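This report concerns only the one structure given below.
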Amino acid sequence: MPKKQTNNLRWKALLVVLTSDVDENDRPTIIRTFKRDIYFQDIGTTAQEKYLSLQAKTDVVRRIKVRWDKTITEKDNGIRIDGVDFNITRIYTDTEKREMELSLAYVN
Numbered sequence: 023m024p025k026k027q028t029n030n031l032r033w034k035a036l037l038v039v040l041t042s043d044v045d046e047n048d049r050p051t052i053i054r055t056f057k058r059d060i061y062f063q064d065i066g067t068t069a070q071e072k073y074l075s076l077q078a079k080t081d082v083v084r085r086i087k088v089r090w091d092k093t094i095t096e097k098d099n100g101i102r103i104d105g106v107d108f109n110i111t112r113i114y115t116d117t118e119k120r121e122m123e124l125s126l127a128y129v130n
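In case it helps, the working numbering puts the sequence shown at residues 23 to 130.
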C-alpha cells in the first residue's frame, strides 16, 4: 500500500511579480503586483546558508518550502508574508518530491 503524503504547506503568502517603472521624479522604482496566493512551510536557515549569503552580499533571513512551480524565478518574483516583502535570493528545486526551497531576504 503506498504511503499517503501529508500536506505540510499550511501557511499562506502572496506571490508578487516585480516590474520596473519610473516615478514622478524620473527615479527607477520596482512595482510589486499581486499574482496569486501561495502556500508554504517555514524551514529554518542553516549556518551554511547564512555564510554563503554573506559572501554573496545578501542576508538570507528566511527559508520556505513551496510546491514546485517553474514560473517562479529570482528575477521576476517576490514573496509577501504578513505584509512584509521579501526578495527571492536562491531557489533549490527537488523534482522528485515536486517541491522548491526559496531563500528569502528583506527588501532594502
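Ideal Cβ placement from N, Cα and C applies to all residues, glycine included.
Fair warning: this is a prediction, and the values are worked out from it, not measured in the lab.
(Q) Tell me the DSSP secondary structure of Leu31 in three-state form. (A) One-based indexing of the sequence shown puts residue 31 at position 9. Note: Leu31 maps to coil in three-state DSSP.
Q. Taking the Cβ atom as the reference point for each residue, do Trp33 and Asp64 lie within a distance shorter than 8 Å?
A. One-based indexing of the sequence shown puts residue 33 at position 11. One-based indexing of the sequence shown puts residue 64 at position 42. Yes, they are a contact pair.
Q. What is the residue span of the beta strand (DSSP E) that Lys57 lies within?
A. Position 35 of the sequence shown, counting from 1, holds the residue named residue 57. Note, Lys57: beta strand (DSSP E), Pro50 to Ile65.
**Q.** Whole-angstrom distance between Thr117 and Thr55, CA atom to CA atom
**A.** Translated into the one-based positions of the sequence shown, residue 55 becomes position 33. Translated into the one-based positions of the sequence shown, residue 117 becomes position 95. If I take the Cα positions, the gap works out to 28 Å.
Q: Could you check what DSSP says for Glu71 in three-state terms: helix, strand or coil?
A: One-based indexing of the sequence shown puts residue 71 at position 49. Looking at Glu71 - three-state DSSP - the assignment turns out to be helix.
Q | Other residues of its chain near Phe62: CB distance less than 7 Å, five sequence neighbours each side excluded | A | Reading the sequence shown from its first residue, position 40 is the one you call residue 62. Cβ within range, chain order: Leu31, Trp33, Ala35, Ile86, Lys87 and Val88.
Q | Exposed unless 16 or more other CB atoms sit within 10 angstroms - verdict on Ser125 | A | As a position in the sequence shown, residue 125 is number 103, starting the count at 1. Label assigned to Ser125: buried.
Q. If you draw a straight line from the C-alpha of Asp107 to the C-alpha of Asp59, how long is it?
A. Within the sequence shown, numbered from 1, the residue matching residue 107 stands at position 85. Within the sequence shown, numbered from 1, the residue matching residue 59 stands at position 37. Using only the alpha carbons, I get a separation of about 14 Å.
Q. Should Ile52 be labelled buried (16 or more other beta-carbon atoms within 10 Å of its own) or exposed?
A. Taking the sequence shown and counting its residues from 1, the one referred to as residue 52 is at position 30. Ile52 comes out exposed.
Q: Starting from the Cα of Arg84, find the closest Cα among Leu40, Asn109, Asn130 and Asp48 and give me that residue.
A: As a position in the sequence shown, residue 84 is number 62, starting the count at 1. For Arg84, the nearest C-alpha among the options comes from Asn109.
(Q) Rounded to whole angstroms, what is the Cα-Cα separation between Asp104 and Arg120? (A) For the purposes of this step, residue 104 is taken as the residue at position 82 of the sequence shown. For the purposes of this step, residue 120 is taken as the residue at position 98 of the sequence shown. Cα to Cα, the separation comes out at about 25 Å.
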